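Presented below is the structure to which this report refers.
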Amino acid sequence: MNLAPFVLFGSFAVLLLLRVPVAFSLGASSFIAVVYVGLDPMVVVQKMADGMDSFALLAIPFFILAGNLMTEGGIAARMIDLANVLVGFIRGGLAMVNIVASMFFGGISGSSVADTSSIGTILIPMMKRKGYDADYSVSVTITSSTQGIIIPPSHNAIIYALAAGGSVSIARLFLGGIIPGVMVGLALMVVSCLIAARRNYPRGEMVPLREALKILAGSFPGLLTAVIIVGLVIFGVATATESSAIAVVYAFLIAFFFYREIPLGRLSGILLNSVKTISMVMLLIAAASSFGFVLAYLRIPALVTEALLHTAKSPFAVLLMINVLLLALGCVMDMAPLILIVTPVLLPVVTKIGMDPVHFGIVLLLNLGIGLCTPPVGTTLFVGCAIGGISIEKTTRALPPFYLAMVSVLLLVTYVPWFTMFLPGIFMK
Amino acid sequence: MYRAVLNLFSAAVETVTRVLLSALVVIISWQVFSRFALNRTPYWAEETALVLVVWFGLLGAGLGVRDGTHLAVEFFARLLPASARLVVHRFVFAVTCCFALVMMISGARLVLMTTEQTLPATHLPVAVSYLAVPISGIFIFLHALPGVALDAARMSAIESAPAGSANEEGGG
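See below:
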């Protein structure tokens, strides 16, 4: 019997449980497995460097940098003002504002933690002042911020495209995420509205037309970022990497010369913060590419496909198993590493049962987005609770209705491919 | 002494990575501009960018080791008593050191093997981009080494860092 897969996964699991960073766990277990099967260990570091040597990957640093420039440049406050014009007058108005602002903001940052920390910092204290409970305010903020992962542009979508081996079109992924992203927002609005009515939260006031037009004009340049990136990619004018570089230049100009809320001196700090976030993601991608090489060398994706299709008889059951597995993994692990680890293993399974890789990508992002809001480990949950000044336990007790909304959307998107594939089908023949 | 040299090294890396990130934006923007405005694609742009991004990513990873921002599964280790956690922390740094050693040794071999091969457009040696592996290995090693002899006081400083702020928006 070939023990190499057990050596690989065994050492990986042990290192992971002992709190070794995911990137080093991936690298070290690849090294151990490579030595075990008698390959030259040099291949591990070579695959690491080769994993970063990809033009598509360059979009990730650029998206993160553009998002940071926009966030620090005061875009969040403008998105909130805009959302207030649109939905502030409904019962539980500030919760609606929170969700709609995340929808807009998601088109700019593509990161749920960035969304929670920028929109949450403004809205959670505001909600508490107006009589909303802290657990509710934090729940609305963190769950709605996961829209940013699916609504394009999203650097996690690029990570998925890379993990899928470059065979997935980024333009199609971007288009595919729009409807499911909006569905998450709508489902959360229904739940928040019902709870708001029961707890008798206030409604906001209608914004006068003149004021509304002024707010619309102010938020327009920020919203345009998303339109530029997605538009260029969809119409094939520029690659995702090129349009993300243009987005950085655009965000730089808007933040420093149009909104002008921060001095030019902040640029150095924004760059350094971005470097730290980006290199964390890059090291993960590098290490995952060694790990992926070993997986392929040991033919593990083929073995998993066979085993899964053997246990679950129908495509329906396979997808259910995969979703449950991912939700469980999402409870203890973060998004980017999970995308990188599970994609090479599960993508062959789902393509075998006839699922489009774009459809699977959106299901994966949606599923792991829920994981960011679940204890014991949920980055977005942690940040939201820190901002709301409330314990994780208390927030978790308020979360189930919101989980229910998200899981319902997840199942709809999983089993009705139309939601994901409709837009790519129209725009990309 | 060790600290002073390492701080100098880190300061240099912080500057270099910032410059590399800005340079990447400029190069790719120039590529687009050149294609549309001057009607030609600069032959060197993509290849140079790919060399720079390998350097950028790997050097930055060392800063992540210094700041303890690399994503890890903290949950299970948190359940342990303080004395066991200290051992776990030391183990993590030891594994990091070992992996950095692999990066240094295998990386150096990789560099030596590829000095003769050149990239198609710019004719730079392939080793130029692989050189980032051993150099970053040294940087990561230097930052992880003191942690192998971590004491209880420094451990509580590491652990009290707020969970969310440490890995701002890396999660997604």
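If you read the sequences in order, they're chains A and B. Each residue of the first sequence is one higher than the last, beginning at 1 in this note's numbering. Each residue of the second sequence is one higher than the last, beginning at 1 in this note's numbering. Heads up, the beta-carbon is just placed ideally off N, CA and C, and yes, glycines get one too. Quick caveat: nothing in here was measured; it's all calculated off a predicted structure.
Asked	Found
When you compare the CB of A/A255 with every CB in chain B, is at least one pair closer than 8 Å?	no
Quick one: is A/V377 near chain B, going by C-beta distance under 8 Å?	yes
Beta carbons nearer than 7 Å to chain A: which residues of the segment 104-123 of chain B have them?	S106, G107, R109, L110
With distance defined between alpha-carbon atoms, name the residue in A/Q46, A/T351, A/V35, A/A405 nearest to A/P5.	A/V35
Going along the segment 319-333 of chain A in order, which residues come within less than 7 Å of chain B, judged by CB to CB distance?	V332, M333
Among the candidates A/G181, A/A238, A/S274, whose CA atom is the shortest distance from the CA of B/F33?	A/A238
Whose CA, out of B/I135, B/A144, B/A153, lies closest to the CA of B/G68?	B/A144
Do you know whose CA, among B/S29, B/R154, B/V148, B/L79, lies nearest A/F62's CA?	B/S29
Between the beta-carbon of A/N367 and the beta-carbon of A/N323, is there less than 8 Å?	yes
For B/L71 and A/T277, I'd like the C-alpha separation in whole angstroms.	10 Å
Straight-line CA distance for A/N2 to A/L298?	9 Å
Got a sec: is the Cβ-Cβ distance from A/F24 to anything in chain B below 8 Å?	yes
Does the structure place the segment 294-310 of chain A close enough to the segment 70-89 of chain B that three or more beta carbon pairs sit under 8 Å?	no
Is the shortest distance between the beta-carbon of B/P162 and the beta-carbons of chain A less than 8 Å?	Residue confidence is low: B/P162 scores 47 on pLDDT, short of 50, so the model does not pin down where it sits. Its coordinate-derived value is still stated next. True, the Cβ-Cβ gap to chain A drops below 8 Å.
Kindly say whether A/T121, judged by its beta-carbon, lies nearer than 8 Å to any beta-carbon of chain B.	no
Which residues, in order along the segment 83-97 of chain B, keep a beta-carbon less than 8 Å from a beta-carbon of chain A?	V88, H89, F91, V92, V95, T96
Is there a Cβ from chain A that is less than 8 Å from the Cβ of B/R3?	no
Determine the burial state of B/D151: buried for a count of at least 16 other Cβ atoms within 10 Å of its Cβ, exposed for fewer.	exposed
Quick check: is the beta carbon of A/I246 nearer than 8 Å to any beta carbon in chain B?	yes
Taking Cβ positions only, does B/D67 come closer than 8 Å to chain A?	yes
Could you give the residue range of the alpha helix (DSSP H) that holds B/H70?	B/H70 -> no alpha helix (DSSP H), and no H or E assigned at all.
Taking 8 Å as the threshold (beta carbon to beta carbon), is B/V73 in contact with chain A?	yes
If contact is defined by three or more beta carbon pairs under 8 Å, each pair taking one atom from either stretch, is the segment 8-21 of chain B in contact with the segment 52-67 of chain B?	yes
Considering only the alpha carbon of each residue, which of B/R3, B/G137, B/M113 lies closest to B/M104?	B/G137
Near A/A312, which residues of its chain fall below 6 Å by C-beta distance, leaving aside the five closest residues on each side in sequence?	V318, M321
Using only the alpha-carbon positions, how far apart do B/E14 and B/V133 sit?	17 Å
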